[in-house]
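4 protein chains.
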Amino acid sequence: MIIQLQPGISARDREALMDQVNKVGYKITQVKTQAGEYLIGIGKGEFDIRSIGHLNGIQDIHIVSDDYKLVSKKWKVKPTSIDLGDGVSIKDGDMAVIAGPCSIESEEQIQHTIAHLKSNRINLMRGGVFKPRSSPYSFRGMGMEGLKLWYKHAKAAGIKIVTEVMQVSQIEEMHDYVDVFQVGARNTQNFNLLDELGKIDKAVMIKRGISGTIEELLQSAEYVFSGGNEKLILCERGIRTYEKASRNTLDLNAVPILKTKSHLPVVVDPSHGIGIRDYVAQMALAGVMAGADGVIYEAHEDPDNAYSDGQQTLNFAQSALLADQIRKTFAMRKTFPLL
Amino acid sequence: MIIQLQPGISARDREALMDQVNKVGYKITQVKTQAGEYLIGIGKGEFDIRSIGHLNGIQDIHIVSDDYKLVSKKWKVKPTSIDLGDGVSIKDGDMAVIAGPCSIESEEQIQHTIAHLKSNRINLMRGGVFKPRSSPYSFRGMGMEGLKLWYKHAKAAGIKIVTEVMQVSQIEEMHDYVDVFQVGARNTQNFNLLDELGKIDKAVMIKRGISGTIEELLQSAEYVFSGGNEKLILCERGIRTYEKASRNTLDLNAVPILKTKSHLPVVVDPSHGIGIRDYVAQMALAGVMAGADGVIYEAHEDPDNAYSDGQQTLNFAQSALLADQIRKTFAMRKTFPLL
Amino acid sequence: MIIQLQPGISARDREALMDQVNKVGYKITQVKTQAGEYLIGIGKGEFDIRSIGHLNGIQDIHIVSDDYKLVSKKWKVKPTSIDLGDGVSIKDGDMAVIAGPCSIESEEQIQHTIAHLKSNRINLMRGGVFKPRSSPYSFRGMGMEGLKLWYKHAKAAGIKIVTEVMQVSQIEEMHDYVDVFQVGARNTQNFNLLDELGKIDKAVMIKRGISGTIEELLQSAEYVFSGGNEKLILCERGIRTYEKASRNTLDLNAVPILKTKSHLPVVVDPSHGIGIRDYVAQMALAGVMAGADGVIYEAHEDPDNAYSDGQQTLNFAQSALLADQIRKTFAMRKTFPLL
Amino acid sequence: MIIQLQPGISARDREALMDQVNKVGYKITQVKTQAGEYLIGIGKGEFDIRSIGHLNGIQDIHIVSDDYKLVSKKWKVKPTSIDLGDGVSIKDGDMAVIAGPCSIESEEQIQHTIAHLKSNRINLMRGGVFKPRSSPYSFRGMGMEGLKLWYKHAKAAGIKIVTEVMQVSQIEEMHDYVDVFQVGARNTQNFNLLDELGKIDKAVMIKRGISGTIEELLQSAEYVFSGGNEKLILCERGIRTYEKASRNTLDLNAVPILKTKSHLPVVVDPSHGIGIRDYVAQMALAGVMAGADGVIYEAHEDPDNAYSDGQQTLNFAQSALLADQIRKTFAMRKTFPLL
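Protein chains in written order, with my numbering: chain A, 21 to 359; chain B, 21 to 359; chain C, 21 to 359; chain D, 21 to 359.
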């Protein structure tokens, strides 16, 4: 059960409420986010919701039987809009385009990428400064130095920064330079990281695990939300299957399912989802038609010489074309009833 | 290696040609289809293609290193068009819409479905008369009686029949009533069935196996083609993965990959691909954007009372809306360069 | 519900019984096997089993809620023993060793293999005469000619023949030469084949599908049983997963699960299960400890020159060693309580 | 390439060596562990190994083409033995039994468990004090308080502690109380955690990822080794597949493959591998026959009332029986040649 508390609820009313929840045999977790205060009750027994609902201090009360509660649409029907400032947002009813290299490589690369984005009205830039690599001997990213360089130019251009955070200790040092913290597919169930991201007031985009279920993605989001941060974005990026003709199997089924189960915006990553440059555009547009609220893809001035992921990265001409096609496809989708 | 023979090649030239292929150490399979004659050479050694290419009677010669040869685009760059007569075809550059119930249930159902299709300019109807069921105690279809009823009404209406054949012995009895024989996902590697379908002059649509690879689907098509039948259509219908929030995982990655590897048309089945009625339309349109040449979906006058698959079947109002959206989405896709 | 009828039940009693089953809203399938007669009732409603149980002509009546009924241990607690004659059987409490080549290649190969088996007290020989191959250009087996040669020598040596049947039309021609018909992993859900195998009085070993579930394997067995043939063996042979370091993922979990759910004997195929010769012995012995009633593995006089599957085939020295280790491991397992 | 340096190599020789490695175009990572010093060279070009091999200060030099180097058996043929003190070790040629509850719950539980282990000659105890849970509302473990209680009793009893570490910040506080740090399946690719575990002088057991490949498990071990810690154990604990009749699919194929590819000891976890109490013993013994150097399983005085994982936990009577059967099975395996 989710009880959304009235702002400024008195200590006495809160106590009476908690007593009553305990009395029906439910364990309480108190949640305080940027947007409000909640009591989450976990239990199994049946009870008459009116026995709680009549008490003082309740703004809203809902029974949510899913294992995830706060991210469920059963409780919050209205879609969550992630406002990043300067008129940039990621939300239902709109189409966010997020592009940029796999890795931040140099100041020049940053500048050229930003110029490309600006000239194509793209205001969200992706890029890695801390890179998870399966081999310890691979390039692991430019680190904070790269992030600060990036921030300098992005800030000036009004471009928002989307980048991966790999561990708890990085959150604080990265905080002021990042607009959207990305949790990578290998960290979707790094619960300590999720806990800590619950304590900050920045947007968090959670990628689905390498072989994570839709349910697990929602539970990972629940960690951050129940930790205190409602600014969440979900990302479908392909799952691991037996099929090896593509890098991953982009599971676009997840898009309408996530949009139905949760009020959070859903973004699709076709670059990792198929892993082959020539097919990224088709899968991006397929993602738009499946109902995504945004697309995140890899773009680089010279993909064949990118430090990482070159085989799935678009060049700037391809990226310009795709951004335009994404917008046209989305514009058409908006005219379709019942989707 | 594929050698396409000139029509009317002399017995002497043919023999000289086969001698030379044997001489470079390749094993020959002779293939004769509706459209031409071929020698398929299988072997490993390197040789100078000119040592064969200068001989008489060759229309075209290609080295194809894939395990599938005749269905490969490396040999036949021009897409294959499946002409079903009466102006109905399934082909690259066009958008086939195939709709109808999971199972043929009654004459009335056939008539109502056909009326629905006609009024929405859909001229391909799907339906099962022989049903593969995991339990021996489930409804197994109306059989030949259903097919004949269906044929009577479809013929009159100018509607083409797409239906599953489950075993060799059915091919002959079904032959005159069927326009497209469908090979189901459980039979994709029923090699005897594929062999026999190679001997007829009707279109065959092969569904990807329950957990079949893209490569295996192409090899199954190779069976039919090398058996003598070039009229082939490939169908992506979702694969089995660990994710249980949907019936299958629709692998739209397969669409651009199949279109690149093969000259055969590719159709997407969103009904089986996601298995949940409310999301069929999104996945159908995603399939169009991924590059499909056609969409096959389940539609029924009263899905909740369908004999099978009701949970993933559209009603006629939803079907009408979707057919229109498929066409609009395809029309837009055709305006996009480089897709 | 399963009703086992008394032998010689009168027509009148049978009718009364069927009336009563229909009256509680259950649909009846009549099953007659080598061992008895059954009525299978399929339905959903609750009813008092005594309202049927008191009628005449019932030997046994059970409620079985699984989708499979006749192969369930809920109905038949006593394990099924498959008696192949000449003192050879496959059954719970015993350890069947089945060895031989992937493909039957020549009379000499047959003779040498039989000599190897005899000298190691192995009385079940595997081998393929009809081979399912993903490519139409691969060797497809020696066919009936090979089977007849094999039969001649096996019969003389008292060795039983285990071989794959790929299609309905082969059953009749193969019938007199085969002791155990094997249904291959690509045909586990070839329902027509299963139906026909239900009509014969020979043992049938069903391999789990390429990516078949345990439940589907049991339902496939249900097809054969409900068709009239109780002589069934289940075989775990590895499933398709994302892991490519082995050919398949041998799912030994399936062994104790199948043994608990069904009264049928369970055999393990380590050759296909791992696909790498050096590890076949370990996986065979692991299968024994997991609770298998038999092991089927590939052995060849000269694996490196076998027509097929050489990479996973043991030579005769390895096979001799393994057969001995299987027996010792099984002998120890029998001394372990509670397994 | 791996160059093992002579102890006490001079600064000048080291420099000459590094110059030469750079000269053949290889990038160097310097590794210093408890046991020695290494230069890892990563590159692609061909070169004559003698051009480096003749230099001073080299103890051993090997070309290793795998992506993992230091954990590869191509370099270090002799199996690694993990000595935990007090005569307890985990190593090839021996059989480690590790048992205990999923979660540490109370001092009483610790004492009873230790008594059970002692009376069955088990000297390694598992248990979680920091629990990764998919839902933020589940019990997350007793934390450091539980670990200290456990340490007090285990130390007194001569029992070694195996427990999961979830994040970097826990390593230091847990360090003195832990004998084997376990990296859980959700953290197998938490590269920061692996990096930090490379800096300590305690054994680390890495579980295979939820859907991790064998290759990825070895690369994760390479992280720890190249960070400076050679005391590594690999653990197969089941992978995620489409099959839902068991919690995971225990991939025993991984055991002989890992033993061949790496010099590190391999342990099997049947509790998570199948997830059903009644089958844990069979799968444990199957793991022994597959070649494991140890078994880790869950045992609890009262499994039905355990805080977590009760459905896959043995009671003490079952645990006693299993420990004995593991030892007998291992004793028999040792008598088998060629395994």
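All C-beta atoms, glycine included, are put in the ideal place defined by N, C-alpha and C.
Just so we're clear, the structure is a prediction, and the values are computed from it rather than from any experiment.
Query	Result
Residues bridged to Asp-80 of chain B [DSSP beta-bridge criterion]	B:Gln-24
Buried or exposed (CB count within 10 angstroms, at least 16 for buried), Ile-69 of chain D	exposed
Bridge partner(s) assigned by DSSP for Val-200 of chain A	A:Val-182, A:Ala-223
Cβ distance (whole Å) where Lys-12 of chain C is taken to contact Leu-144 of chain C below 8 Å	Because chain C here runs from 21 to 359, residue 12 of chain C falls outside it and cannot be looked at.
Coarse secondary structure for His-262 of chain C, derived from DSSP in three states	Per the sequence shown, residue 262 of chain C should be read as Tyr rather than His. It is coil, neither helix nor strand.
Beta strand (DSSP E) runs wholly inside the region 122-201 of chain D, at least 3 long, in chain order	144-146, 180-184
Cβ contact check for the region 302-314 of chain B and the region 286-294 of chain B: 3 or more pairs under 8 Å	yes
Which residues DSSP lists as bridging Ile-69 of chain C, in chain order	Partner(s): none; Ile-69 of chain C has no beta bridge.
Boundaries of the beta strand (DSSP E) in which Thr-49 of chain D is found, first to last residue	47-52
Closest Cα partner of Ile-81 of chain D within the set D:Lys-96, D:Leu-217, D:Gly-148, D:Ile-130	D:Lys-96
Proximity test, Cβ basis, 7 Å: Met-194 of chain A and chain D	no
Neighbour-count burial assignment, Ile-83 of chain B, 16 or more Cβ in a 10 Å radius	exposed
Alpha helix (DSSP H) runs contained entirely in the region 266-292 of chain D, provided each spans 4 or more residues	274-281
Cβ-Cβ separation, Gly-56 of chain C to Gln-24 of chain C (assumed contact under 8 Å), whole Å	6 Å
Burial state of Phe-159 of chain A, where buried means 16 or more other Cβ atoms lie within 10 Å	exposed
Residues of the region 166-191 of chain D with Cβ closer than 8 Å to any Cβ of chain A, in chain order	Met-186, Gln-187, Val-188, Ser-189
Cβ pair count under 8 Å reaching 3, the region 106-114 of chain D against the region 324-336 of chain D	no
Three-pair Cβ contact test at 8 Å for the region 220-234 of chain A versus the region 261-268 of chain B	yes
Contacts around Tyr-327 of chain B, its chain only, beta-carbon distance under 6 Å, and the 5 residues preceding and following it disregarded	Ser-123, Glu-125, Phe-159
Outcome for Lys-407 of chain C when other beta-carbon atoms lying within 10 angstroms are tallied against a minimum of 16	Outside the shown range of chain C, which is 21 to 359, sits residue 407 of chain C, and nothing can be said about it.
For Tyr-171 of chain A and Ala-177 of chain A, the rounded distance between their alpha carbons	10 Å
Proximal chain C residues relative to Ile-23 of chain B, where beta-carbon distance stays under 8 Å	Going along chain C, no residue has its Cβ under 8 Å from Ile-23 of chain B, so there is no contact; the nearest lies around 14 Å.
Tyr-243 of chain C beta carbon less than 7 Å from that of Pro-156 of chain B	yes
Interface residues of the region 80-93 of chain D facing chain A [CB-CB below 9 Å]	Asp-87, Tyr-88, Lys-89
Of the listed residues C:Ala-343, C:Val-224, C:Gln-79, nearest to Lys-251 of chain C (C-alpha basis)	C:Val-224
Beta-carbon spacing of Ser-339 of chain C, Ala-119 of chain C below 7 Å	yes
Pair within 7 Å by beta-carbon distance, Val-91 of chain B and Ser-282 of chain B	yes
Distance, Phe-245 of chain D Cα to Gly-166 of chain A Cα	28 Å
Cβ distance (whole Å) where Gln-129 of chain A is taken to contact Glu-321 of chain A below 8 Å	7 Å
Closer than 7 Å to chain C by CB, Ala-351 of chain D	no
For Asp-103 of chain D: DSSP bridge partner residues	D:Ser-109
Within 7 Å of chain C by C-beta, residues of the region 225-257 of chain B in sequence order	Ile-230, Ser-231, Glu-236, Gln-239, Glu-242, Tyr-243, Ser-246
Cutoff 8 Å; reference His-195 of chain A; Cβ partners in own chain excluding five residues on either side	Ile-220, Lys-222
Met-164 of chain A vs Glu-193 of chain A beta-carbon contact at 7 Å	yes
Cα-Cα separation between Ala-174 of chain C and Val-300 of chain B, rounded to whole angstroms	56 Å
Proximal residues to Ile-346 of chain D (C-beta, below 7 Å), its chain only, five neighbours per side dropped	Met-115, Val-117, Ala-304, Leu-305, Val-308, Val-315
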